[in-house]
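Those sequence lines, one after another, are chains Z and Y.
Counting from 64, one number per residue, gives the positions in the first sequence under the numbering used here.
Counting from 94, one number per residue, gives the positions in the second sequence under the numbering used here.
A virtual CB, placed ideally from N, CA and C, is assigned to each residue, including glycine.
Because the structure is a prediction, the values reported are computed rather than measured.
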Amino acid sequence: MFGYDINWSYVLILPLTGGTLVGVMFLVWWERRVLGWWQDRLGPNRVGWFGVLQGIADGIKLFTKDDWVPPFGDRTLFVLAPGIIAASMLMILAVIPFAPELYVVDVNIALLWFLAMSSLAVYGVLLGGFASNNKYALLGSLRAAAQMVTYEVFMGLSIMGVVIHAGTFSLVEIVDAQKDLWYIVPQFLGFVIFFIAGLAESHRLPFDLPEAEHELTAGFHTEYSGMKFAFVMCGEYVAMIATSCLITLLFFGGWHAPVFLDFDFVPPIAWFGIKVVFFIHVFILLRAAIPRPRYDQLMSLGWKILLPLTLVNILATGLIVGLTRGF
Amino acid sequence: MTLDLVLFWIPGLVAIGATGAVITRKNASRALIYLVVSLLAVAVIFFMLGAPFAAALEVVVYAGAIVVLFLFVVMMLNLGRSSVMRESRWLQPGMWIGPFILVAILAVVFAYAFANIDGVDTKGEMVGPRAVGEALFGEGAYLLAVELAGFLLLAALVGAYHLGRRYLEERREQP
C-alpha cells in the first residue's frame with residue numbers, strides 16, 4: 064500500500080532474527096574473552112576451541128535452570144517484560160540496510176522507527192522492575208526510566224544534524240548521501256552525543272546504573288532467572304549491535320568504502336560488517352576502561368551539557384546547510 | 094470486505110478495546126499499559142492512512158515519553174492495594190450514568206454521520222516527513238500555531254522550573 068518499498072527482502076526476517084540471536088550468543092563469549100585479554104587474564108577458554116562453544120554451554124544452562132517467578136510480584140507483567148525488551152530491540156533491525164539491496168524495509172521514517180522502538184524498550188525495563196516487587200528492582204527501573212527518557216531526547220536531537228544534511232529519514236538514502244564525505248566530518252559533535260546517548264540507551268557500562276551490581280544487586284532484573292534473564296541480556300546485546308549499526312550508517316558511510324581506499328573487490332556488506340564489529344569492540348573496550356559515574360552526574364551531564372550542545376549543533380548545521388545550499 | 098478494510102478494522106477494534114480497558118482497570122499500572130496498546134493501535138491506523146510521520150511521532154512522543162512518565166510517577170508513589178480499593182469504590186455502577194449520557198449524545202451524532210456519508214475512503218494520500226515539515230513551517234497557516242505552541246511550552250517549562258526551584262530552596266534551608 065501507498066508505495067512503501069516492499070520487495071522480496073521480507074524473506075530476510077527469519078535469518079536476520081535467528082542470526083542475530085546466535086550472534087548474541089557468540090558475542091557474549093567474545094566479550095568475556097576480549098575483556099579477559101585486555102585485563103591480562105584468560106577469560107572463558109574451556110568449552111571448545113579457545114572457548115568458542117561457551118555461548119552454547121551458557122544457553123543450555125539457562126534453558127535447564129529453574130524458571131522462577133516471584134510469588135509476591137505481578138505475574139503477568141513479570142513474564143511480559145523480557146519479551147518487550149528483546150522484541151523491541153530486534154524490531155530495530157527491520158529498518159537497517161546492510162548493503163545497497165539488503166534490508167527488510169526501506170521506509171522514509173526509518174530513523175524515527177529506531178527512536179520509537181528504543182523508546183518502547185523502556186517499558187520492558189520499567190515493568191520488569193515494577194512487577195518484581197523488590198526494592199532493588201524498583202530502584203533500578205526508576206533509574207532506567209529517568210535515564211532512558213533523558214537520553215532519548217539527545218539521541219533524537221543529535222541525529223537531526225544528519226537529517227538536515229541528507230534531507231531524509233530513510234537510512235538507505237542517508238548512506239547514499241555519504242558517498243563522497245562521511246557525516247563524521249561535518250557532524251562530529253552529533254556523533255559524540257549520539258554515541259554517549261547510545262551507551263545510555265542500551266544501559267551498557269559505564270552507564271549501567273539501572274543494574275549497577277555494587278549498589279542494586281542486579282537492578283531491574285534482580286528477580287529474573289533462566290530464559291527470562293537470557294531475554295533481558297539478549298535485549299541489551301541486540302541494543303549494542305543495533306546502536307553500532309546506526310553509528311555506522313549515520314556517521315561512517317554504511318557500506319561505502321573509505322574514499323581514499325580503492326578496493327573494489329571488497330563487497331559492500333563486508334565494509335558494513337567491519338565497521339559494525341569495530342564499534343561493538345569500542346563498546347566492549349569502554350566497559351573495560353571507564354568507571355561508572357554517579358547517578359546525579361549522569362543526569363547533569365545530560366541536561367546541562369549535552370542538551371545545549373545538541374541544540375547548538377542543530378542550529379549551526381541548519382545555518383551552514385542553509386547558507387551553502389540556499390534556504 | 095477488502096484486505097485494506099480488514100487491516101483497518103483490526104487496529105481500530107484493538108484501540109477501542111484497549112481504551113475501554115484503560116477506563117475500567119482498577120490497577121493504575123495495568124491501565125497505563127492498556128493506554129500504550131491503544132496509542133500503538135492508533136499509530137498503526139495513522140500509518141495505514143498514509144501518515145507515517147504522525148504514526149512514528151505518536152509512538153516516540155506519546156507511548157515512548159509521556160506514558161513512561163505517567164508510569165514513572167505511578168511506580169514512585171508505589172500505589173498498592175489501597176489505591177485499587179479506592180479505585181473500585183469510585184467505579185461504582187452509579188458513576189457510569191453521566192458518562193453514558195455524554196457517550197449517547199456522541200453516538201447519535203456518529204449514527205447520523207454514518208447514515209449520511211456513504212463509502213468512507215480509508216485510502217488517504219501518502220504524507221511524508223517532508224510534506225509535514227512544509228505544512229508546519231512553510232507558507233501555510235500552521236506557522237502561527239507552531240509558534241504559539243512553542244510559546245506555551247516555553248511558559249510551561251519556565252513555570253515548572255520556578256516551582257521546582259522554590260521546593261529545592263525550601264529544602265536547602267532546613268539542613
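Where the alpha helix (DSSP H) containing residue i begins and where it ends
i: residue 213 of chain Z; result: 198-221
i: residue 138 of chain Z; result: 138-155
i: residue 365 of chain Z; result: Per DSSP, residue 365 of chain Z belongs to no alpha helix (DSSP H) and is neither H nor E.
i: residue 186 of chain Y; result: Taken as a continuous stretch (DSSP letters only), residue 186 of chain Y belongs to no alpha helix (DSSP H), as it is neither H nor E.
i: residue 76 of chain Z; result: 76-101
i: residue 126 of chain Z; result: 117-127
i: residue 255 of chain Y; result: 235-266
i: residue 304 of chain Z; result: 289-314
i: residue 377 of chain Z; result: 370-388
i: residue 286 of chain Z; result: That residue, residue 286 of chain Z, is in no alpha helix (DSSP H); it is neither H nor E in DSSP.
i: residue 167 of chain Y; result: 160-170
i: residue 109 of chain Z; result: Unbroken run through residue 109 of chain Z: none, as it is neither H nor E.
i: residue 156 of chain Y; result: Neither: residue 156 of chain Y is in no alpha helix (DSSP H) and is coded neither H nor E.
i: residue 150 of chain Y; result: 145-150
i: residue 226 of chain Y; result: 222-230
Strand pairing of residue i, partner residues [DSSP]
i: residue 136 of chain Y; result: The partner list for residue 136 of chain Y (beta bridge, DSSP) is empty, contrary to what the question assumes.
i: residue 121 of chain Y; result: None; residue 121 of chain Y has no bridge partner.
i: residue 162 of chain Z; result: Z/165
Checklist entry - In chain order, which alpha helix (DSSP H) runs of at least 4 residues are fully inside the segment 320-352 of chain Z? => result Taking only runs of at least 4 residues, the alpha helix (DSSP H) segments lying wholly in the segment 320-352 of chain Z are 331-352.
Item to check | Interfacial residues, the segment 199-217 of chain Z to chain Y, with Cβ spacing under 9 angstroms | outcome: Answer set for the segment 199-217 of chain Z: 201, 204, 205, 208, 209, 211, 212, 215, 216.
Item to check | the segment 200-212 of chain Z / the segment 338-349 of chain Z touching (three or more Cβ pairs under 8 angstroms) | outcome: no
Item to check | Complete beta strand (DSSP E) runs within the segment 214-281 of chain Z (minimum length 3 residues, chain order) | outcome: none
Checklist entry - Are at least three pairs of beta-carbons, each pair with one atom in the segment 365-377 of chain Z and one in the segment 214-228 of chain Z, less than 8 angstroms apart? => result Touching, per the Cβ criterion.
Item to check | the segment 367-379 of chain Z in contact with the segment 276-295 of chain Z per 3-pair CB rule at 8 angstroms | outcome: Using a Cβ-Cβ distance cut-off of 8 angstroms, the segment 367-379 of chain Z and the segment 276-295 of chain Z are not in contact, since fewer than three pairs of beta carbons, one from each stretch, lie closer than that value.
Item to check | the segment 221-231 of chain Z touching the segment 249-257 of chain Z, judged by at least three CB pairs closer than 8 angstroms | outcome: The segment 221-231 of chain Z, when compared against the segment 249-257 of chain Z, does touch it at the 8 angstroms Cβ threshold.
Next on the checklist: Beta carbons nearer than 8 angstroms to chain Z: which residues of the segment 151-179 of chain Y have them?
Outcome noted: 152, 153, 156, 157, 158, 161, 162, 164, 165, 168, 169, 171
Next on the checklist: Closer than 9 angstroms between beta carbons: that is the criterion. Which residues of the segment 115-135 of chain Y meet it against chain Z?
Outcome noted: Under the 9 angstroms Cβ criterion, the segment 115-135 of chain Y contributes 120, 122, 123, 126, 129, 133.
Next on the checklist: Closer than 8 angstroms is the cut-off here; do at least three beta carbon pairs connect the segment 142-160 of chain Z with the segment 185-193 of chain Z?
Outcome noted: yes
Next on the checklist: Residues of the segment 217-233 of chain Y in Cβ contact with chain Z at a cutoff of 7 angstroms, in chain order, please.
Outcome noted: The residues in question are 219, 221, 222.
Next on the checklist: Along the segment 168-194 of chain Z, where does the CB come closer than 7 angstroms to a CB of chain Y? Name the residues.
Outcome noted: 170, 171, 172, 175, 176, 178, 179, 182, 183, 185, 186, 189, 193
Next on the checklist: Taking 8 angstroms as the cut-off, does the segment 142-156 of chain Y touch the segment 165-174 of chain Y (at least 3 CB pairs, one atom from each stretch)?
Outcome noted: no
Item to check | Cβ contact check for the segment 149-161 of chain Z and the segment 116-130 of chain Y: 3 or more pairs under 8 angstroms | outcome: no
Item to check | the segment 232-246 of chain Z touching the segment 165-174 of chain Z, judged by at least three CB pairs closer than 8 angstroms | outcome: yes
Item to check | Within 9 angstroms of chain Y by C-beta, residues of the segment 226-244 of chain Z in sequence order | outcome: Taking 9 angstroms as the Cβ-Cβ cut-off against chain Y, the residues of the segment 226-244 of chain Z that qualify are 226, 230, 231, 232.
Checklist entry - Is the segment 100-107 of chain Z touching the segment 314-333 of chain Z, taking contact as three or more C-beta pairs under 8 angstroms? => result Touching, no.
Next on the checklist: For the pair the segment 192-199 of chain Y and the segment 149-163 of chain Y, tell me if three or more CB-CB distances fall below 8 angstroms.
Outcome noted: no
Next on the checklist: With three or more C-beta pairs closer than 8 angstroms as the rule, is the segment 172-190 of chain Y touching the segment 249-260 of chain Y?
Outcome noted: no
Checklist entry - Are there three or more Cβ pairs, one per stretch, closer than 8 angstroms when the segment 346-365 of chain Z is compared with the segment 270-277 of chain Z? => result Segments in contact, yes.
Next on the checklist: Does the structure place the segment 293-312 of chain Z close enough to the segment 133-141 of chain Z that three or more beta carbon pairs sit under 8 angstroms?
Outcome noted: no
Item to check | Selection of the segment 242-260 of chain Y by Cβ proximity to chain Z, strictly under 7 angstroms | outcome: none
Checklist entry - Quick check: the segment 105-122 of chain Z against the segment 322-335 of chain Z, are there 3 or more CB pairs under 8 angstroms? => result no
Checklist entry - Counting pairs of beta carbons, one from the segment 106-120 of chain Y and one from the segment 175-186 of chain Y, are three or more of them closer than 8 angstroms? => result yes
Next on the checklist: Is it the case that the segment 170-178 of chain Z contacts the segment 330-337 of chain Z, given that we only count it when at least three CB pairs across the two stretches are under 8 angstroms?
Outcome noted: no
Checklist entry - When Cβ atoms are compared, which residues of the segment 137-152 of chain Y fall closer than 8 angstroms to chain Z? => result 141, 143, 145, 146, 148, 149, 150, 152
Checklist entry - If we count Cβ pairs, one from each stretch, closer than 8 angstroms, do we get three or more for the segment 190-202 of chain Z versus the segment 123-140 of chain Z? => result yes
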